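Down below is the structure, laid out as structure tokens.
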Amino acid sequence: MTLTLSEVYEQNRVTLILANLVEIAQLCDVEDEAYEVLRLRRPSAFIQGGSISILNPTTNELEVRFNGLRPP
């Protein structure tokens, strides 16, 4: 697979945003605070939409915890 220079830059941009979100989320004391950070950072982290899901260890199912999709 060959990537163009602009695709490499975009991958780097997304990687930096996600790394920053992880770093900020780790500083949060409670789960709800972390989701508030995601809500506030949505414009830069979810430009094309997306969501964050957490694996429920009891049911072994993914649960959507944050929906970053922008309203139409």
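Each residue of the sequence shown is one higher than the last, beginning at 85 in my numbering. In this text, a Cβ means the ideal position worked out from N, Cα and C, and glycines have one as well. Small disclaimer: the values here were computed from a predicted structure and weren't measured.
Straight-line gap, residue i to residue j (C-alpha atoms, nearest Å)
i	j	result
residue 92	residue 151	26 Å
residue 137	residue 88	30 Å
residue 132	residue 145	25 Å
residue 119	residue 95	23 Å
residue 113	residue 90	37 Å
residue 117	residue 148	16 Å
Counted within 10 angstroms of its Cβ, other Cβ atoms place residue i as buried (16 or more) or exposed
i	result
residue 103	exposed
residue 86	exposed
Endpoints, the beta strand (DSSP E) within which residue i is located
i	result
residue 148	145 to 151
residue 38	No statement about residue 38 is possible, as the shown extent of the chain runs from 85 to 156 and does not include it.
Residue j beta carbon less than 9 Å from that of residue i
i	j	result
residue 122	residue 109	yes
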